[in-house]
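Q: Chains as they are written, first to last, in my numbering: chain A, 1 to 203; chain B, 1001 to 1203. Before we start, here is the structure in question, set down as structure tokens.
Number of protein chains: 2
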Amino acid sequence: MSDPCGTRDKILEVARSQFARNGYHGTSMDAIVKDTGLSKGALYWHFDGKSELFAAVLRREVDGIIHSHVEALREKGEGVRSFVTLRGERIIEMLWKDREMRLLFFTLFIERLRGGQEGRELSEIAGNLLGIIQAKLWPVAREVFPAFRDGEARGDYQRMVTTLRFLMNGIIMELGFNLDLDSARELWRFAIGRFDFESEVFK
Amino acid sequence: MSDPCGTRDKILEVARSQFARNGYHGTSMDAIVKDTGLSKGALYWHFDGKSELFAAVLRREVDGIIHSHVEALREKGEGVRSFVTLRGERIIEMLWKDREMRLLFFTLFIERLRGGQEGRELSEIAGNLLGIIQAKLWPVAREVFPAFRDGEARGDYQRMVTTLRFLMNGIIMELGFNLDLDSARELWRFAIGRFDFESEVFK
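What follows is the structure in structure tokens.
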């Protein structure tokens, strides 16, 4: 992991911007060599190939998102509604500011859907990322959501979390087009308001 | 519009599959010429260029979706909840079966987000399509949703419709990956259940 010259970070920066701008197919290891000014050997010393590099770029994005989530742990005694609302708004703001991050995730989604050999590789990358997110968020969720602790209300809880996750994806898709930042936040709060966090199921 | 040999339809079929498989950038008019076996002149006689062709492909998809919606008009006296639930499930089923249709819409979304000259063209295409959908669905909606008639409850109604539209996009994104057909339908019904269609606001 030692990288005193910051070569790995530099590669990741260049690759991030190329994958976002040109998509997965439109990005080549050669073009990254050219843009970083490194030798081909130096690039391959850090990353075995394009799919490994793309996975590393996405991993760094996910770490950034998790970081902003894990901070939530520090606000002890926070209610479920406020937790979900604020964390969601934070994600919306982060992605609003960062069009490249949105492009990276949509690139992953679309290539996975496209299928073939590359699609399968990217589907595996997506699965691993989701695994990482879940492993890191699980302890936070159990801290904040009482229902996650006793397992009693898993069914409805799980459905609520899934509904909000998919709604978030749909919101992110429209950011900057049919949705500005304030409308996105407002819509998120409106949706949260549909769930009765005080009901017996969610206690 | 006369096209006795079905040349236009043939071009649209080939273009649909190429845009879905290779994306917008990865598809060229030359490759479509090759796959259709037509002359370049014949292709350009029907379509001025790639963006016009892509718009026509998407337009045909939207017409198909609208058709399955407009049928709804025939079920007079249908309640709001049942209308939203069944129409949503129909869309989910349609897209579940048709991976290419999903790819076409995601291609539009991602290229629009990518920006640049092509992004702006595709953003305009997306805007036009949304305009067509809204113009056609508006009379249906006013038939089924009483609140659309008097304009009284527009705010909350609009937010509900938007929330469900974005949730639908998020569901479609995950179809075949973290979501099979039955789970997608179940999630849709669960989300619909969060809205109290019998409340005063929605009367």
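We put the beta carbon where it would ideally sit given N, CA and C, even for glycine. The structure displayed is predicted, hence computed values, not measured ones.
Rounded to a whole number of angstroms, what is the C-alpha to C-alpha distance between Asn1128 of chain B and Ser82 of chain A?
A: On the second sequence, residue 1128 of chain B is found 128 positions in, with the first residue counted as 1. On the first sequence, residue 82 of chain A is found 82 positions in, with the first residue counted as 1. If you take the alpha carbons of Asn1128 of chain B and Ser82 of chain A, they lie about 38 Å apart.
Q: Mapping DSSP to helix, strand and coil, what is Leu179 of chain A?
A: Here the question's residue 179 of chain A lines up with position 179 in the first sequence. In the structure shown, Leu179 of chain A sits in a strand (DSSP, three-state: E or B).
Q: When you compare only the Cα positions, how much space is there between Phe54 of chain A and Arg1194 of chain B?
A: The residue you call residue 54 of chain A lines up with position 54 of the first sequence. The residue you call residue 1194 of chain B lines up with position 194 of the second sequence. Each residue's Cα considered, the two are about 38 Å apart.
Q: Out of A:Val140, A:Leu113, A:Gln134, point me to the one whose CA is closest to Val62 of chain A's CA.
A: Sequence index remark: in the first sequence, residue 62 of chain A carries index 62 (1-based). Ranking the options by Cα distance to Val62 of chain A, first place goes to A:Gln134.
Q: Cβ of Glu1093 of chain B within 8 Å of Cβ of Leu1181 of chain B?
A: Position 93 of the second sequence holds residue 1093 of chain B. Position 181 of the second sequence holds residue 1181 of chain B. In this structure, Leu1181 of chain B lies closer than 8 Å to Glu1093 of chain B by Cβ.
Q: For the stretch 162-181 of chain A and the stretch 90-109 of chain A, state whether three or more C-beta atom pairs, one from each stretch, are separated by less than 8 Å.
A: Result yes; three or more Cβ-Cβ pairs closer than 8 Å.
Q: Closer than 9 Å, Cβ to Cβ, to anything on chain B: give me those residues from the stretch 10-35 of chain A, in chain order.
A: Residues passing the 9 Å Cβ filter: Ala20, Arg21, Asn22, Gly23, His25, Gly26.
Q: Measure the alpha-carbon distance for Glu1121 of chain B versus Pro139 of chain A and round it to whole angstroms.
A: By 1-based counting over the second sequence, the position of residue 1121 of chain B is 121. By 1-based counting over the first sequence, the position of residue 139 of chain A is 139. The alpha-carbon atoms of Glu1121 of chain B and Pro139 of chain A are separated by roughly 45 Å.
Q: Can you check whether the C-beta of Met1168 of chain B is within less than 8 Å of a C-beta belonging to chain A?
A: Residue mapping note: residue 1168 of chain B aligns to position 168 of the second sequence, counting from 1. So, interface residue.
Q: Check whether chain E comes within 8 Å of Arg1120 of chain B, counting only Cβ atoms and requiring the distance to be less than that.
A: This model lacks chain E altogether, as its protein chains are A and B.
Q: Name the two residues that bound the continuous alpha helix (DSSP H) containing Thr7 of chain A.
A: For this step, residue 7 of chain A is matched to residue 7 along the first sequence. First-last of the alpha helix (DSSP H) with Thr7 of chain A: 7-22.
Q: In three-state DSSP terms, what is Pro1139 of chain B?
A: In the second sequence, the residue the question calls residue 1139 of chain B occupies position 139. Residue state, collapsed to three classes: helix.
Q: Since His46 of chain A is in the alpha helix (DSSP H), which residue starts that stretch and which ends it?
A: The sequence position of residue 46 of chain A within the first sequence is 46, counting from 1. Segment 40-46, the alpha helix (DSSP H) holding His46 of chain A.
Q: Taking only the alpha-carbon atoms, compute the straight-line gap between Met101 of chain A and Gly64 of chain A and give it to the nearest angstrom.
A: Position 101 of the first sequence, counting from 1, holds the residue named residue 101 of chain A. Position 64 of the first sequence, counting from 1, holds the residue named residue 64 of chain A. Cα to Cα, the separation comes out at about 11 Å.
Q: Any beta-carbon of chain B closer than 8 Å to the one on Glu174 of chain A?
A: The residue given as residue 174 of chain A occupies position 174 in the first sequence. Interface residue, yes.
Q: Consider the Cβ of Phe195 of chain A: report whether some Cβ of chain B lies at a distance smaller than 8 Å.
A: Taking the first residue of the first sequence as position 1, residue 195 of chain A is located at position 195. It does; some Cβ of chain B falls within 8 Å.
Q: So is Leu1130 of chain B buried or exposed if we call it buried at 16+ other beta carbons inside 10 Å?
A: In the second sequence, counting from the first residue as 1, residue 1130 of chain B sits at position 130. Leu1130 of chain B should be labelled exposed.
Q: Grab me the residues of Ala1020 of chain B's own chain with a C-beta within less than 6 Å of its C-beta, minus the 5 sequence neighbours each way, in chain order.
A: Position 20 of the second sequence, counting from 1, holds the residue named residue 1020 of chain B. Glu1100, Leu1103, Leu1104.
Q: Can you give me the C-alpha to C-alpha distance between Met1173 of chain B and Leu1187 of chain B, rounded to a whole angstrom?
A: Taking the second sequence and counting its residues from 1, one reaches residue 1173 of chain B at position 173. Taking the second sequence and counting its residues from 1, one reaches residue 1187 of chain B at position 187. One C-alpha to the other measures close to 14 Å.
Q: Nearest chain B C-beta to Ala141 of chain A closer than 8 Å, yes or no?
A: As a working note, residue 141 of chain A is residue 141 in the first sequence. False, the Cβ-Cβ gap to chain B never drops below 8 Å.
Q: What is the DSSP secondary structure of Ser28 of chain A, reduced to helix, strand or coil?
A: Within the first sequence, the letter at position 28 stands for residue 28 of chain A. Looking at Ser28 of chain A - three-state DSSP - the assignment turns out to be coil, as it is neither helix nor strand.
Q: Three-state secondary structure (DSSP) at Gly1037 of chain B?
A: Counted from its first residue, the second sequence places residue 1037 of chain B at position 37. Note: Gly1037 of chain B maps to coil in three-state DSSP.
Q: Measure from the C-beta of Ala1191 of chain B to each C-beta in chain A and report whether the shortest distance is under 8 Å.
A: For this step, residue 1191 of chain B is matched to residue 191 along the second sequence. Yes, its Cβ sits closer than 8 Å to a Cβ of chain A.
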